[in-house]
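Report on the following structure.
Numbering (this note's numbering), first residue to last: 14 to 52.
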């Protein structure tokens, strides 16, 4: 039981890190799109 919870914690922390990366890339692309549309 302990092992599974530890495993889930590891996965969730990794998923959170990936989520932040994805969000940052998404924001970058969004800003780039806005700049191009204004150009």
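Even glycine gets a Cβ: it sits at the ideal position worked out from N, Cα and C.
Between the alpha carbons of residue i and residue j, how many angstroms are there, rounded?
i	j	result
residue 15	residue 21	10 Å
residue 49	residue 17	47 Å
residue 41	residue 23	27 Å
residue 51	residue 32	28 Å
residue 36	residue 19	26 Å
residue 43	residue 25	26 Å
residue 46	residue 39	10 Å
residue 28	residue 34	10 Å
Any heavy atom of the ligand PLP closer than 7 Å to the beta-carbon of residue i?
i	result
residue 25	This structure lacks the ligand PLP, and indeed carries no ligand of any kind.
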